[in-house]
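The structure under discussion appears below in the form of C-alpha coordinates.
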Amino acid sequence: MKPYFFSLLLLFTVSAAHAWTGMVVRVSDGDSITVRTDDGVSHKLRLYGVDSPEINQDWGKQARQVAFTHAINRTVGVTPMYKDRYKRTVVIVVLPDGRILQEVMLDAGMAWVYDRYCQEDFCDSWRIRMRNARASRRGLWQEIYPYPPWEWRKAKRLEGQKKKRQN
(Lines of atoms letter the chains of each structure in order from A and count residues from 1; the text may use other names and numbers.)
(Lines give C-alpha, C1' and ligand atoms only; values in the text may rest on other atoms or scores of the structure.)
Protein backbone atom coordinates (compact mmCIF):
# COMPACT_ATOMS: atom_id res chain seq x y z
CA MET A 1 0.00 0.00 0.00
CA LYS A 2 2.84 2.39 0.81
CA PRO A 3 4.39 2.40 -2.73
CA TYR A 4 0.93 2.76 -4.24
CA PHE A 5 0.14 5.70 -1.96
CA PHE A 6 3.43 7.40 -2.90
CA SER A 7 2.71 6.85 -6.59
CA LEU A 8 -0.73 8.41 -6.26
CA LEU A 9 0.70 11.29 -4.29
CA LEU A 10 3.33 11.81 -6.97
CA LEU A 11 0.72 11.70 -9.73
CA PHE A 12 -1.34 14.40 -8.07
CA THR A 13 1.46 16.71 -6.98
CA VAL A 14 4.06 16.88 -9.75
CA SER A 15 1.98 18.31 -12.52
CA ALA A 16 -1.16 20.23 -13.16
CA ALA A 17 -1.43 18.35 -16.44
CA HIS A 18 -4.17 15.81 -16.80
CA ALA A 19 -3.11 12.26 -15.84
CA TRP A 20 -4.44 9.43 -18.00
CA THR A 21 -4.13 5.68 -18.48
CA GLY A 22 -3.30 3.46 -21.39
CA MET A 23 -1.75 0.18 -22.48
CA VAL A 24 2.00 0.00 -23.15
CA VAL A 25 2.23 -1.36 -26.70
CA ARG A 26 5.91 -0.71 -27.44
CA VAL A 27 9.15 -0.29 -25.52
CA SER A 28 11.70 1.40 -27.78
CA ASP A 29 14.48 1.54 -25.22
CA GLY A 30 14.92 1.96 -21.47
CA ASP A 31 13.35 5.40 -21.36
CA SER A 32 10.98 5.55 -24.36
CA ILE A 33 7.65 3.77 -24.64
CA THR A 34 4.46 3.94 -26.68
CA VAL A 35 1.13 3.89 -24.84
CA ARG A 36 -2.25 3.39 -26.53
CA THR A 37 -5.32 4.93 -24.94
CA ASP A 38 -8.79 3.36 -24.96
CA ASP A 39 -9.72 5.44 -28.00
CA GLY A 40 -6.95 3.73 -29.98
CA VAL A 41 -4.55 6.68 -30.12
CA SER A 42 -0.88 5.80 -29.62
CA HIS A 43 1.41 8.23 -27.81
CA LYS A 44 5.22 8.12 -28.01
CA LEU A 45 6.44 8.97 -24.53
CA ARG A 46 9.78 9.73 -22.91
CA LEU A 47 10.32 8.91 -19.24
CA TYR A 48 10.79 12.03 -17.15
CA GLY A 49 14.01 12.55 -15.21
CA VAL A 50 16.00 9.48 -16.24
CA ASP A 51 18.30 8.58 -19.10
CA SER A 52 18.94 4.96 -20.06
CA PRO A 53 21.62 3.67 -22.42
CA GLU A 54 20.70 3.92 -26.09
CA ILE A 55 19.69 0.64 -27.72
CA ASN A 56 23.03 0.34 -29.62
CA GLN A 57 25.07 1.35 -26.58
CA ASP A 58 26.48 -1.04 -23.97
CA TRP A 59 23.63 -1.97 -21.60
CA GLY A 60 21.03 -0.56 -24.01
CA LYS A 61 19.39 -3.88 -24.81
CA GLN A 62 19.37 -4.87 -21.14
CA ALA A 63 17.78 -1.55 -20.17
CA ARG A 64 15.11 -2.03 -22.82
CA GLN A 65 14.46 -5.55 -21.53
CA VAL A 66 13.91 -4.34 -17.96
CA ALA A 67 11.42 -1.71 -19.14
CA PHE A 68 9.78 -4.27 -21.46
CA THR A 69 9.43 -6.86 -18.69
CA HIS A 70 7.73 -4.41 -16.34
CA ALA A 71 5.59 -2.43 -18.76
CA ILE A 72 4.66 -4.17 -22.03
CA ASN A 73 0.96 -5.02 -22.41
CA ARG A 74 0.18 -3.43 -19.05
CA THR A 75 -2.20 -0.60 -18.31
CA VAL A 76 -0.20 2.22 -16.77
CA GLY A 77 -0.90 5.61 -15.28
CA VAL A 78 0.69 8.48 -17.20
CA THR A 79 1.35 11.95 -15.81
CA PRO A 80 2.55 14.38 -18.49
CA MET A 81 5.29 16.78 -17.41
CA TYR A 82 6.09 18.65 -20.65
CA LYS A 83 6.87 18.20 -24.38
CA ASP A 84 10.50 17.75 -25.38
CA ARG A 85 12.21 19.17 -28.46
CA TYR A 86 11.30 16.01 -30.40
CA LYS A 87 7.62 16.64 -29.60
CA ARG A 88 7.43 13.61 -27.33
CA THR A 89 5.46 13.98 -24.16
CA VAL A 90 7.79 13.56 -21.19
CA VAL A 91 5.96 11.65 -18.47
CA ILE A 92 5.98 9.83 -15.18
CA VAL A 93 4.71 6.26 -15.59
CA VAL A 94 3.00 4.37 -12.77
CA LEU A 95 2.85 0.60 -13.19
CA PRO A 96 -0.24 -1.44 -12.23
CA ASP A 97 1.38 -2.47 -8.93
CA GLY A 98 1.87 1.20 -8.00
CA ARG A 99 5.60 1.34 -8.66
CA ILE A 100 7.00 4.11 -10.81
CA LEU A 101 8.76 2.84 -13.94
CA GLN A 102 11.58 5.34 -13.53
CA GLU A 103 12.27 3.99 -10.04
CA VAL A 104 12.27 0.42 -11.34
CA MET A 105 14.88 1.41 -13.93
CA LEU A 106 17.02 3.20 -11.36
CA ASP A 107 16.78 0.34 -8.84
CA ALA A 108 17.83 -2.15 -11.53
CA GLY A 109 20.85 -0.03 -12.41
CA MET A 110 19.53 0.61 -15.91
CA ALA A 111 19.29 4.40 -15.84
CA TRP A 112 20.91 7.57 -14.61
CA VAL A 113 18.96 10.38 -13.03
CA TYR A 114 19.09 12.99 -15.80
CA ASP A 115 20.12 15.93 -13.62
CA ARG A 116 19.76 18.41 -16.46
CA TYR A 117 16.02 17.72 -16.61
CA CYS A 118 15.07 16.14 -13.28
CA GLN A 119 14.16 19.26 -11.31
CA GLU A 120 11.24 18.17 -9.11
CA ASP A 121 11.69 17.69 -5.36
CA PHE A 122 11.29 13.92 -5.66
CA CYS A 123 14.37 13.76 -7.92
CA ASP A 124 16.49 13.74 -4.75
CA SER A 125 14.97 10.38 -3.79
CA TRP A 126 15.69 9.13 -7.32
CA ARG A 127 19.33 10.18 -6.92
CA ILE A 128 19.47 8.09 -3.74
CA ARG A 129 18.06 5.10 -5.66
CA MET A 130 20.73 5.56 -8.32
CA ARG A 131 23.49 5.77 -5.71
CA ASN A 132 22.17 2.60 -4.04
CA ALA A 133 22.18 0.73 -7.36
CA ARG A 134 25.72 1.95 -8.01
CA ALA A 135 26.91 0.95 -4.53
CA SER A 136 25.36 -2.50 -5.06
CA ARG A 137 26.88 -2.72 -8.58
CA ARG A 138 23.54 -3.52 -10.16
CA GLY A 139 23.08 -3.35 -13.92
CA LEU A 140 25.34 -0.92 -15.75
CA TRP A 141 26.99 -0.04 -12.44
CA GLN A 142 28.90 -3.30 -12.76
CA GLU A 143 31.15 -1.26 -15.06
CA ILE A 144 33.87 0.82 -13.43
CA TYR A 145 33.10 3.76 -15.71
CA PRO A 146 29.73 3.29 -17.39
CA TYR A 147 29.29 5.57 -20.40
CA PRO A 148 26.42 8.02 -19.81
CA PRO A 149 23.99 8.08 -22.73
CA TRP A 150 24.14 11.86 -23.16
CA GLU A 151 27.92 11.58 -23.67
CA TRP A 152 27.45 8.60 -26.02
CA ARG A 153 24.92 10.57 -28.11
CA LYS A 154 27.26 13.57 -28.26
CA ALA A 155 30.16 11.36 -29.41
CA LYS A 156 27.93 9.85 -32.13
CA ARG A 157 26.89 13.33 -33.32
CA LEU A 158 30.53 14.46 -33.48
CA GLU A 159 31.48 11.27 -35.30
CA GLY A 160 28.74 11.93 -37.85
CA GLN A 161 29.87 15.54 -38.34
CA LYS A 162 33.46 14.39 -38.84
CA LYS A 163 32.35 11.88 -41.50
CA LYS A 164 30.36 14.62 -43.27
CA ARG A 165 33.42 16.90 -43.39
CA GLN A 166 35.57 14.09 -44.79
CA ASN A 167 33.18 13.47 -47.70
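Using the UniProt record's numbering, the letters of the sequence shown map in sequence onto residues 1 to 167.
C-beta atoms are modelled at their ideal positions from N, C-alpha and C, and glycine is treated no differently.
Computed from a predicted model, the values in this text were never measured in an experiment.
- By the criterion of a C-beta distance shorter than 6 Å, Trp59 is surrounded in its chain by Pro53 and Leu140, once the five residues flanking it on both sides are discounted.
- Restricted to the UniProt domain "TNase-like" (18–143), the alpha helix (DSSP H) segments that are unbroken, complete and at least 4 residues in length are 60–71, 101–107 and 123–135, listed in chain order.
- For the set Ile55, Tyr82, Thr37 and Arg153, the Cα lying nearest the Cα of Gln119 is the one of Tyr82.
- Taking the Cα of Thr69 as reference, the smallest distance to any Cα among Asp39, Lys44, Met110 and Thr79 is reached at Met110.
- Pro149 sits in a helix when the DSSP states are folded into three classes.
- Using a C-beta cut-off of 8 Å, the stretch 38–52 makes contact with the stretch 86–102, since at least three inter-stretch Cβ pairs fall below that distance.
- Contact between Ala63 and Asp29 holds: their C-beta atoms lie close to 7 Å from each other, under 8 Å.
- Going by C-alpha positions, Asp97 is about 16 Å away from Val66.
- The beta-carbon distance between Val113 and Ala71, rounded to whole angstroms, is 19 Å. This is too long to meet the 8 Å contact definition.
- With 16 or more other Cβ atoms inside 10 Å of its own Cβ, Ser32 counts as buried.
- Arg74 places its beta carbon less than 7 Å from that of Val24.
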